[in-house]
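*Asks:*
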DNA sequence: GCGACAG
DNA sequence: ATCTTGTCGC
């Protein structure tokens with residue numbers, strides 16, 4: 201018989217309403233560990249995860265790409281296709297992305313030493329963005345690297361690679377605007393789970409040597425788009 | 001009430 | 001996220 205691609209479904213108890221999602225965030229947010237090192241930058245298995253959507257077909261594809269932290273070479277990949285389980289609501293992105301991302305991570309034979317997410321961790325209205333949420337659910341060290349400042353304020357970091365400035369929610373530093381390339385728009389780094397902010401920035405710089413975005417994010421983005429095209 | 005708002 | 005061609009530049 202013809203093999204149909206497996207279409208992942210969210211867990212039965214996955215929230216369906218905004219109120220239920222908010223309740224989940226409120227229940228899990230206290231479990232986030234905001235410090236730690238993860239693997240020494242430049243070592244270990246670093247995994248990037250990302251998701252692509254086809255709202256017309258109600259499909260979502262997730263990819264997990266494992267890189268060698270030193271060479272930045274791809275050592276393993278996994279993809280999964282699922283149904284869109286939640287609308288895009290600012291502050292509730294995790295409920296849209298995580299079910300499929302978990303499916304992709306489970307199909308990886310290796311255990312990640314660090315997971316790099318496309319988006320935020322504790323830089324979040326309730327300090328529980330998707331990177332922190334994924335970290336708490338898996339127990340893995342995670343960080344968030346976002347392309348936009350979301351609702352937060354920041355002053356422009358210096359012009360050189362490695363220059364950084366605090367990302368602020370009022371007076372609180374919830375992340376950092378980090379320049380990964382000379383003269384190029386910074387990325388926005390925040391703690392996910394079990395990795396501190398300075399360490400998260402060090403990992404980001406180590407992974408973004410040749411491009412603005414971490415190699416993990418670039419590979420995962422390309423792969424989940426390809427998976428969505430080829431279904 | 002209105003605008004802003006990771007992906 | 002996604003809709004979308006060419007184009008300037010290394």
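In our numbering, the protein residues as written are 201 to 431.
Built from N, CA and C at the ideal position, the CB exists for glycine as well.
1. Looking at the unbroken alpha helix (DSSP H) that takes in residue 418, where does it start and where does it end?
2. Given residue 294, which residues of its chain have a CB within under 6 angstroms of its CB, disregarding the five upstream and five downstream residues?
3. Please list the terminal residues of the continuous beta strand (DSSP E) segment that includes residue 296.
4. Taking 9 angstroms as the threshold (C-beta atoms), are residue 317 and residue 338 in contact?
5. Classify residue 313 as helix, strand or coil using the three-state DSSP reduction.
6. Under the three-state reduction of DSSP, which class applies to residue 349: helix, strand or coil?
7. Given a threshold of 16 other Cβ atoms within 10 Å of its Cβ, counted over all protein chains shown, does residue 380 qualify as buried or as exposed?
8. In the region 359 to 413, which residue ranges form an unbroken beta strand (DSSP E) of at least 3 residues, counting only runs that do not cross its ends?
9. To the nearest angstrom, how far is the alpha carbon of residue 351 from that of residue 225?
10. When you compare only the Cα positions, how much space is there between residue 310 and residue 245?
11. Measure the C-alpha to C-alpha separation of residue 247 and residue 302 and round it to an integer number of angstroms.
12. If you draw a straight line from the alpha carbon of residue 243 to that of residue 272, how long is it in whole angstroms?
13. Just curious, the alpha helix (DSSP H) that residue 212 is in, first and last residue?
14. Between residue 355 and residue 366, what straight-line distance do the alpha-carbon atoms span, to the nearest angstrom?
15. According to DSSP, is residue 235 helix, strand or coil?
16. By the DSSP assignment, the beta strand (DSSP E) with residue 335 in it spans what residues?
17. Let me know the secondary structure DSSP gives residue 255 once reduced to three states.
18. Could you tell me the alpha carbon to alpha carbon distance between residue 292 and residue 250, rounded to whole angstroms?
19. Who are residue 226's beta bridge partners in DSSP?
20. In angstroms, rounded to a whole number, what distance separates the CA positions of residue 430 and residue 370?
21. Is it true that the region 211 to 230 meets the region 381 to 394, where meeting means three or more beta-carbon pairs spaced less than 8 angstroms apart?
*Replies:* Walking through what the data contain:
1. 415 to 430
2. 330, 333
3. Unbroken run through residue 296 is the alpha helix (DSSP H), 293 to 306; no beta strand (DSSP E).
4. no
5. coil
6. coil
7. buried
8. 364 to 369, 372 to 378, 387 to 393
9. 19 angstroms
10. 8 angstroms
11. 12 angstroms
12. 10 angstroms
13. That residue, residue 212, is in no alpha helix (DSSP H); it is neither H nor E in DSSP.
14. 7 angstroms
15. coil
16. Segment 330 to 338 is the alpha helix (DSSP H) holding residue 335; no beta strand (DSSP E) there.
17. coil
18. 16 angstroms
19. None, per the DSSP bridge assignment.
20. 44 angstroms
21. no
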